[in-house]
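Asker: Chains as they are written, first to last, in the working numbering: chain P, 2 to 215; chain L, 2 to 215.
Just so you know, even glycine gets a beta-carbon here, dropped at the ideal spot from N, CA and C.
Attaching a single structure in structure tokens format; questions to follow.
There are 2 protein chains.
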Amino acid sequence: MAIAAVRLNQLVETKARILDAAREAVALSGWKDAQIALIASRAGVATGSVYRYFDSKADLYAQVLALVSEREVAVVAAIVEAEGSASQCLVDAIYTFAVRAMRGRRLAYALIAEPCDPEIDAARLKYRAALADQIARLVRRGIANGEFVEIDANVAASCVAGAFMEALVGPLAPEAAPDSDAARTIAQAIAGLSARMLFRHATPELTPVSRVSA
Amino acid sequence: MAIAAVRLNQLVETKARILDAAREAVALSGWKDAQIALIASRAGVATGSVYRYFDSKADLYAQVLALVSEREVAVVAAIVEAEGSASQCLVDAIYTFAVRAMRGRRLAYALIAEPCDPEIDAARLKYRAALADQIARLVRRGIANGEFVEIDANVAASCVAGAFMEALVGPLAPEAAPDSDAARTIAQAIAGLSARMLFRHATPELTPVSRVSA
DNA sequence: TGCCATAGTGAACCTTAATTCATGAACACA
DNA sequence: TGTGTTCATGAATTAAGGTTCACTATGGCA
Numbered sequence: 002m003a004i005a006a007v008r009l010n011q012l013v014e015t016k017a018r019i020l021d022a023a024r025e026a027v028a029l030s031g032w033k034d035a036q037i038a039l040i041a042s043r044a045g046v047a048t049g050s051v052y053r054y055f056d057s058k059a060d061l062y063a064q065v066l067a068l069v070s071e072r073e074v075a076v077v078a079a080i081v082e083a084e085g086s087a088s089q090c091l092v093d094a095i096y097t098f099a100v101r102a103m104r105g106r107r108l109a110y111a112l113i114a115e116p117c118d119p120e121i122d123a124a125r126l127k128y129r130a131a132l133a134d135q136i137a138r139l140v141r142r143g144i145a146n147g148e149f150v151e152i153d154a155n156v157a158a159s160c161v162a163g164a165f166m167e168a169l170v171g172p173l174a175p176e177a178a179p180d181s182d183a184a185r186t187i188a189q190a191i192a193g194l195s196a197r198m199l200f201r202h203a204t205p206e207l208t209p210v211s212r213v214s215a
Numbered sequence: 002m003a004i005a006a007v008r009l010n011q012l013v014e015t016k017a018r019i020l021d022a023a024r025e026a027v028a029l030s031g032w033k034d035a036q037i038a039l040i041a042s043r044a045g046v047a048t049g050s051v052y053r054y055f056d057s058k059a060d061l062y063a064q065v066l067a068l069v070s071e072r073e074v075a076v077v078a079a080i081v082e083a084e085g086s087a088s089q090c091l092v093d094a095i096y097t098f099a100v101r102a103m104r105g106r107r108l109a110y111a112l113i114a115e116p117c118d119p120e121i122d123a124a125r126l127k128y129r130a131a132l133a134d135q136i137a138r139l140v141r142r143g144i145a146n147g148e149f150v151e152i153d154a155n156v157a158a159s160c161v162a163g164a165f166m167e168a169l170v171g172p173l174a175p176e177a178a179p180d181s182d183a184a185r186t187i188a189q190a191i192a193g194l195s196a197r198m199l200f201r202h203a204t205p206e207l208t209p210v211s212r213v214s215a
């Protein structure tokens with residue numbers, strides 16, 4: 002049993018190493034480096050070994066995407082759950098998401114907008130949906146307590162999610178200059194605008210609070 | 002000369018037939034039918050003939066995308082140029098865009114959201130940018146005359162464009178039920194929400210006016 | 001009618017990676 | 001140390017379409 006556990010650990014580690022190598026490759030130069038042979042060599046294993054851990058290329062990258070996305074969704078979820086007005090939470094969630102994206106620009110760009118194979122793209126849709134789900138919860142809360150206009154929460158959530166994601170595409174694109182001051186300004190603008198969509202009353206400008214973590 | 006003209010016509014017609022076949026194939030079942038051999042047979046020409054008219058598969062589909070997109074961008078541009086308050090024009094532009102998309106659901110889905118080859122996806126970005134440009138013009142007008150909050154017009158335009166496009170993805174998806182009443186309702190909600198982002202003053206509900214044409 | 005330029009043909013060819021699999025190495029266990 | 005099981009290897013195979021090209025068909029023209 003103890004021995005079996007050691008072996009198991011090895012397996013888990015190797016799998017993690019492959020996932021990591023794949024994530025790094027994407028973070029470094031996008032989907033064009035998303036090739037099994039390359040990732041295998043970066044992970045220090047043979048090409049064929051990748052297939053001991055993943056069913057297919059699509060499976061591998063779906064897992065990479067899930068790994069990274071789940072963290073982002075969790076960050077947003079935590080802010081959604083936090084205390085405070087729905088308006089403030091919404092602004093904070095978007096601002097935080099945007100700031101985090103700007104930090105890991107290249108990877109964020111790949112996850113959000115970079116052209117990629119259809120199979121990966123399909124996995125991306127799930128991530129967007131999960132994010133929209135979190136926003137929808139917040140929208141419901143805001144509607145319930147009268148802060149937000151009464152509107153279909155799912156439609157509203159996709160509008161909000163679409164707004165800030167699309168606005169991020171430009172600043173995240175590899176050809177854009179990575180200026181972290183400008184990044185905060187843009188993030189602030191995006192958060193303010195996206196949230197305004199829902200406010201019932203003309204709201205005093207909310208200052209976004211960064212809840213960047215991890 | 003007259004003869005050369007006749008021949009030229011043939012060429013133009015054949016090219017149009019190929020473009021048409023490609024568009025139809027996509028409108029019918031999305032990018033999975035975007036295969037040269039299939040499109041050629043639908044157009045009634047041999048596979049090789051496609052290459053007399055287009056440099057490559059990517060070129061062909063980029064032209065298909067441009068063909069369809071330019072019409073949509075033109076429709077939006079016309080509304081942007083129209084008389085009336087910037088707020089009303091914005092609502093109308095979005096509503097009209099949404100209604101038109103709902104009509105040609107399958108094609109719209111393919112153009113906006115369906116996973117596809119990276120090369121096609123890249124062409125899609127241009128379309129989005131062109132649409133955002135039109136919105137940006139309207140945003141500037143609204144800012145100039147005090148209707149809209151003062152904000153970077155390009156950021157605002159991408160927020161707006163992102164909002165209504167993302168909100169359309171769900172309703173356009175092939176698995177969604179195509180109910181044209183519901184479609185109008187959703188389009189209205191999307192237009193209202195997307196536009197509210199910019200309004201400086203709490204605005205009385207604007208009723209979107211369909212300016213669907215052609 | 002014979003000729004030429006141009007458009008059309010579609011089977012064969014390529015390219016590019018993903019995927020497989022026969023073989024070898026490592027290791028727990030008796 | 002012998003043995004069986006599992007994991008690792010990476011060259012060879014496959015697959016799927018895009019692309020090419022040697023050949024044919026067409027139609028205007030003298």
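With a Cβ-Cβ cutoff of 7 Å, do S88 (chain P) and E151 (chain P) count as a contact?
Answerer: Numbered from 1 along the first sequence, position 87 holds the residue referred to as residue 88 (chain P). Numbered from 1 along the first sequence, position 150 holds the residue referred to as residue 151 (chain P). Contact flag unset, no.
Asker: From this set, P:I187, P:D60, P:V65, which residue's C-alpha is nearest E1 (chain P)'s C-alpha?
Answerer: Because chain P here runs from 2 to 215, residue 1 (chain P) falls outside it and cannot be looked at.
Asker: List the residues of chain P that A1 (chain L) touches, going by C-beta distances under 7 Å, in chain order.
Answerer: Residue 1 (chain L) lies beyond the range of chain L shown here (2 to 215); nothing can be said about it.
Asker: Would you identify the three-state DSSP class for F165 (chain P), choosing helix, strand or coil?
Answerer: In the first sequence, the residue the question calls residue 165 (chain P) occupies position 164. Correct three-state label for F165 (chain P): helix.
Asker: Tell me the residue span of the alpha helix (DSSP H) that contains Q135 (chain L).
Answerer: Position 134 of the second sequence, counted from the start, is the residue given in the question as residue 135 (chain L). Start and end: 119-145.
Asker: Candidates P:S86, P:E82, P:L9, P:V69: which alpha carbon is nearest A196 (chain P)'s?
Answerer: Numbered from 1 along the first sequence, position 195 holds the residue referred to as residue 196 (chain P). Taking only the C-alpha atoms, the option nearest A196 (chain P) is P:S86.
Asker: Could you tell me which chain L residues have their CB closer than 8 Å to the CB of M166 (chain P), listed as they occur along the chain?
Answerer: As a working note, residue 166 (chain P) is residue 165 in the first sequence. Those within 8 Å of M166 (chain P) in chain L are G163, E167.
Asker: What are the partner residues of F200 (chain P), as DSSP defines its beta bridges?
Answerer: The sequence position of residue 200 (chain P) within the first sequence is 199, counting from 1. Paired residue(s): P:F149.
Asker: DSSP state of R212 (chain L), grouped into three classes?
Answerer: The sequence position of residue 212 (chain L) within the second sequence is 211, counting from 1. Note: R212 (chain L) maps to coil in three-state DSSP.
Asker: With distances taken from CA atoms, which of L:A22, L:Q189, L:R107, L:P172 is nearest L61 (chain L)?
Answerer: If you number the second sequence from 1, residue 61 (chain L) lands on position 60. For the residues L:A22, L:Q189, L:R107, L:P172, the minimum Cα distance to L61 (chain L) belongs to L:A22.
Asker: What residue range is occupied by the uninterrupted alpha helix (DSSP H) comprising L39 (chain P)?
Answerer: Position 38 of the first sequence, counted from the first residue, corresponds to residue 39 (chain P). L39 (chain P) -> alpha helix (DSSP H) spans 37-44.
Asker: Per DSSP, what kind of secondary structure is L207 (chain P) in: helix, strand or coil?
Answerer: To locate residue 207 (chain P), count along the first sequence from 1; it is residue 206. Of the three classes helix, strand and coil, the one that applies to L207 (chain P) here is coil, per DSSP.
Asker: Applying a beta-carbon distance threshold of less than 8 Å, which residues of chain P neighbour C117 (chain L)?
Answerer: Sequence index remark: in the second sequence, residue 117 (chain L) carries index 116 (1-based). Ordered by position in chain P, the residues that pass the 8 Å Cβ test against C117 (chain L) are P119, D122.
Asker: Compare the Cα-Cα distances from G143 (chain L) to each of L:S70, L:A59, L:E84, L:K33 and report the closest residue.
Answerer: Taking the first residue of the second sequence as position 1, residue 143 (chain L) is located at position 142. Residue L:E84 is the option with its Cα nearest to G143 (chain L).
Asker: Would you mind sorting V13 (chain L) into buried or exposed? The rule is 16 or more other CB atoms within 10 Å of its CB.
Answerer: Start at 1 with the first residue of the second sequence, and residue 13 (chain L) comes out as number 12. Counting Cβ neighbours within 10 Å, V13 (chain L) comes out exposed, since fewer than 16 surround it.
Asker: Given this structure, state the Cα-to-Cα distance separating I4 (chain L) from S50 (chain L), to the nearest angstrom.
Answerer: Here residue 4 (chain L) refers to the residue found at position 3 when the second sequence is read from its first residue. Here residue 50 (chain L) refers to the residue found at position 49 when the second sequence is read from its first residue. Legend: pLDDT at I4 (chain L) = 48, less than 50; position of this residue unreliable, no value from coordinates given.
Asker: Rounding to the nearest angstrom, what Cα-Cα distance links L169 (chain L) and V46 (chain P) in this structure?
Answerer: By 1-based counting over the second sequence, the position of residue 169 (chain L) is 168. By 1-based counting over the first sequence, the position of residue 46 (chain P) is 45. Answer to the nearest angstrom: the Cα atoms are 43 Å apart.
Asker: Would you mind telling me which residues of chain P sit closer than 9 Å to S42 (chain L), beta carbon to beta carbon, in chain order?
Answerer: Translated into the one-based positions of the second sequence, residue 42 (chain L) becomes position 41. Correct list: empty, because the minimum Cβ distance to chain P is about 23 Å.
Asker: Here's a check: name, in chain order, each residue in its chain whose Cβ is nearer than 7 Å to the Cβ of E115 (chain P), leaving out the five neighbours to either side.
Answerer: Residue 115 (chain P) sits at position 114 when you count from the first residue of the first sequence. Contacts found: G31, W32.
Asker: Hey, A94 (chain L) and I80 (chain L) are a contact pair by Cβ (cut 8 Å); roughly how many whole angstroms apart?
Answerer: If you number the second sequence from 1, residue 94 (chain L) lands on position 93. If you number the second sequence from 1, residue 80 (chain L) lands on position 79. Right, the Cβ-Cβ distance comes to about 4 Å (below 8 Å), so this counts as a contact.
Asker: Where does V156 (chain L) land, buried or exposed, given buried means 16+ other C-beta within 10 angstroms?
Answerer: For the purposes of this step, residue 156 (chain L) is identified with residue 155 of the second sequence, where counting begins at 1. Label assigned to V156 (chain L): buried.
Asker: Of the residues L:T48, L:A178, L:A133, L:D56, which one's Cα is nearest the Cα of G163 (chain L)?
Answerer: To locate residue 163 (chain L), count along the second sequence from 1; it is residue 162. It is L:A133 whose Cα lies nearest to the Cα of G163 (chain L).
Asker: For V77 (chain L) versus F98 (chain L), is the C-beta spacing smaller than 7 Å?
Answerer: To locate residue 77 (chain L), count along the second sequence from 1; it is residue 76. To locate residue 98 (chain L), count along the second sequence from 1; it is residue 97. The answer is yes: Cβ separation under 7 Å.
Asker: P209 (chain P) and Q189 (chain P): beta carbons closer than 7 Å?
Answerer: In the first sequence, the residue the question calls residue 209 (chain P) occupies position 208. In the first sequence, the residue the question calls residue 189 (chain P) occupies position 188. In this structure, Q189 (chain P) lies closer than 7 Å to P209 (chain P) by Cβ.
Asker: Among the residues of its own chain, which have a CB less than 6 Å from the CB of K16 (chain L), if the five just before and after it don't count?
Answerer: Residue mapping note: residue 16 (chain L) aligns to position 15 of the second sequence, counting from 1. Closer than 6 Å at Cβ, skipping near neighbours: Y54.
Asker: So the alpha helix (DSSP H) A75 (chain P) belongs to, where does it begin and stop?
Answerer: The count along the first sequence starts at 1 and reaches residue 75 (chain P) at position 74. Taken as a continuous stretch (DSSP letters only), the alpha helix (DSSP H) holding A75 (chain P) covers 58-82.
Asker: By Cβ distance below 6 Å, which residues in the same chain neighbour R107 (chain L) in space, the five residues on each side in sequence not counted?
Answerer: Sequence index remark: in the second sequence, residue 107 (chain L) carries index 106 (1-based). The residues are A28.
Asker: Going by CA-CA distance only, name the one from L:S159, L:Y96, L:A111, L:R104 that's closest to L207 (chain L).
Answerer: In the second sequence, the residue the question calls residue 207 (chain L) occupies position 206. Per the Cα distances, L:Y96.
Asker: Where does T15 (chain P) sit, in a helix, a strand or coil, going by DSSP?
Answerer: Residue numbering aside, residue 15 (chain P) sits at position 14 when the first sequence is read from its first letter. DSSP places T15 (chain P) in helix when its eight states are reduced to three.
Asker: Can you pull the chain P neighbours of A203 (chain L), defined as C-beta to C-beta under 8 Å?
Answerer: Counting from one through the second sequence, the residue named residue 203 (chain L) turns up at place 202. The answer, in chain order, is H202, A203.
Asker: Name the residue from L:M166, L:K58, L:T48, L:A192 whose alpha carbon lies nearest to the alpha carbon of P119 (chain L).
Answerer: Counting from one through the second sequence, the residue named residue 119 (chain L) turns up at place 118. Ranking L:M166, L:K58, L:T48, L:A192 by Cα distance to P119 (chain L) puts L:K58 first.
Asker: Only counting the same chain, and skipping five residues up and downstream in sequence, which positions put a Cβ closer than 6 Å to that of A184 (chain L)?
Answerer: Here residue 184 (chain L) is taken as the residue at index 183 of the second sequence, counted from 1. Closer than 6 Å at the Cβ level, and outside the excluded window around A184 (chain L), lie M103.
Asker: Within its chain, find whatever has a CB closer than 6 Å to the CB of V92 (chain L); leave out the 5 residues flanking it on each side and keep chain order.
Answerer: Position 91 of the second sequence holds residue 92 (chain L). Taken in chain order, the residues that qualify are A192, A196, L207, P209.
Asker: Compare the C-beta of L194 (chain P) with all C-beta atoms of chain L and state if any pair is closer than 7 Å.
Answerer: In the first sequence, counting from the first residue as 1, residue 194 (chain P) sits at position 193. Yes - at least one Cβ of chain L is within 7 Å of the one on L194 (chain P).
Asker: If you check the beta carbons only, do R18 (chain P) and A44 (chain P) fall under 7 Å apart?
Answerer: As a working note, residue 18 (chain P) is residue 17 in the first sequence. As a working note, residue 44 (chain P) is residue 43 in the first sequence. Their beta carbons are under 7 Å apart, which means R18 (chain P) touches A44 (chain P) by this criterion.
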